[in-house]
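Sequential numbering of the sequence shown, starting at 1, is according to UniProt numbering. As structure tokens, the structure follows; a few thoughts come after it.
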Amino acid sequence: MLNKRHLPSITALQCFEAATRHLSFTRAAEELNLTQSAVSKQVAQLEELLQHLLFRRVRRRLQMTPAGDLYLVEVRKILTQVEMSTHYLRSYGGETEVLRVSTPYTFGARWLVPRLKGWRLRHPQIHLDLCNEQEPDELLQGKADMAFYFGQGARPGTESLKLFSEELVPVCAPESLPAQPFTDPTQLSNLVLLQNASRPQGWHDWFADQGYHTEHSYHGPRFDTFYMCIRAAQVGCGVALLPRFLVEEELADGKLVIPWQHAMPSQDAYYLAYPEHAAEVPKVREFVKWMMEQVI
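So this is what it looks like as structure tokens:
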């Protein structure tokens with residue numbers, strides 16, 4: 001780690017960034033409510049620290065050097081992050097706690113978010129911060145307080161509560177169906193089998209569960225998330241194999257249909273996990289209680 005003497009001050013970075021926009025120390029000083037000499041001194045100290053010139057003085061005007069252009073990109077990232085972090089903290093009252101919850105993207109959008117209605121009224125002092133973080137050890141790394149995940153059993157160092165299992169069904173847009181009904185499930189490959197990157201074995205296992213096999217079970221466009229698979233099926237790109245609970249709304253509205261009536265139970269389940277040492281933390285305990293109410 002750099003010695004503190006080798007770290008520039010926020011003021012120096014602000015002076016540099018303002019000077020790059022105005023190409024004038026005088027106008028930068030006016031913006032920052034400093035003197036022209038103060039801005040000039042801050043930039044000079046920054047150049048000495050970096051051991052690179054950031055500006056050239058040409059005919060009493062400033063021109064940025066290649067080193068200055070390169071450094072500006074990083075400085076703006078730093079200042080933006082400082083500003084965002086400041087606004088982030090100011091947005092909470094003194095009694096507010098933040099509960100960071102990670103969730104798979106489609107699960108979070110489709111299942112979790114609708115079940116958070118009313119949370120704020122019951123727990124105004126606990127601010128939820130949801131993120132799409134799927135690293136297996138995000139809890140132990142401190143990136144999240146709690147995590148939803150799909151898998152088998154508990155992860156090391158955590159306590160995991162089983163929420164529910166799932167069953168996979170094929171779905172497609174109604175207009176994708178042929179005039180004649182299918183006589184066996186392998187004919188679905190004529191519609192194009194939409195693949196999900198997180199379940200590469202999905203179609204193969206679904207066919208095998210019925211005693212069928214097709215060489216097309218791994219063929220078809222591949223998507224990172226279930227959400228993209230849902231959209232692809234809706235617009236007629238093919239047939240997707242999806243957890244039924246994620247598409248209940250589209251099935252009820254007729255935007256998607258099930259072209260072959262076979263639901264395959266998954267061997268895995270959805271869990272809510274938190275570090276073992278956090279079991280008695282009030283905000284964790286309250287969120288666990290809330291979630292268990294949603295799955296009863």
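Even for Gly, the Cβ is constructed at its ideal location relative to N, Cα and C.
_Could you tell me the alpha carbon to alpha carbon distance between Thr-35 and Ala-12, rounded to whole angstroms?_
13 Å
_Every unbroken beta strand (DSSP E) within the region 181-205, with a cutoff of 3 residues, ordered by chain_ = 193-196
*If we count the other Cβ atoms within 10 Å of its Cβ and call it buried at 16 or more, is Glu-280 buried or exposed?*
exposed
*asked:* Please classify Glu-248 as buried or exposed, where buried requires at least 16 other C-beta atoms within 10 Å of its C-beta.
replied: The residue in question, Glu-248, is exposed, as its Cβ has fewer than 16 Cβ neighbours within 10 Å.
*Does the count of Cβ pairs from the region 236-248 and the region 115-124 closer than 8 Å reach three?*
no
*Rounded separation between Phe-245 and Gln-45 - CA only*: 60 Å
*Check Cys-237 in the structure and name its three-state DSSP category.*
coil
*asked:* Nearest by alpha-carbon distance to Asn-33: which of Ala-18, Leu-23 and Thr-86 is it?
replied: Ala-18
*Could you check how far apart the C-beta atoms of Ile-258 and Pro-170 are, in whole angstroms? I think they sit under 8 Å.*
Their Cβ separation, rounded to whole angstroms, is 6 Å, which keeps Ile-258 and Pro-170 in contact under 8 Å.
*To which residues does DSSP link Gly-153 through a beta bridge?*
Gly-153 pairs with nothing; no bridge assigned.
*Does the Cβ-Cβ distance between Gln-210 and Pro-185 come in under 8 Å?*
Yes; because the gap between Cβ atoms is below 8 Å, this pair is in contact.
*Which whole-angstrom value is the C-beta distance of Leu-193 and His-219, which I expect to be below 8 Å?*
6 Å
*Rounded to a whole number of angstroms, what is the C-alpha to C-alpha distance between Tyr-71 and Ser-165?*
Taking the Cα positions, Tyr-71 is about 51 Å away from Ser-165.
*Helix, strand or coil for Leu-177, going by three-state DSSP, please let me know.*
coil
*Simplified DSSP assignment, three categories, for Lys-162*: strand
*Does DSSP put Arg-244 in a helix, a strand or coil?*
It is helical.
_Range covered by the alpha helix (DSSP H) that runs through Gln-36_ = Looking at the DSSP string, the run of the alpha helix (DSSP H) that includes Gln-36 is 36-50.
*Between the Cα of Val-295 and those of Gly-254, Gln-267 and Lys-162, spot the shortest distance and give me the residue it belongs to.*
Sorting Gly-254, Gln-267 and Lys-162 by C-alpha distance to the C-alpha of Val-295 places Lys-162 at the top.
*Roughly how many angstroms separate the alpha carbons of Gln-42 and Thr-86, rounded to a whole number?*
Taking C-alpha positions only, Gln-42 is separated from Thr-86 by approximately 23 Å.
*Roughly how many angstroms lie between the CA atoms of Asp-129 and Gln-63, to the nearest whole one?*
Within the model, the alpha-carbon separation for Asp-129 versus Gln-63 is close to 43 Å.
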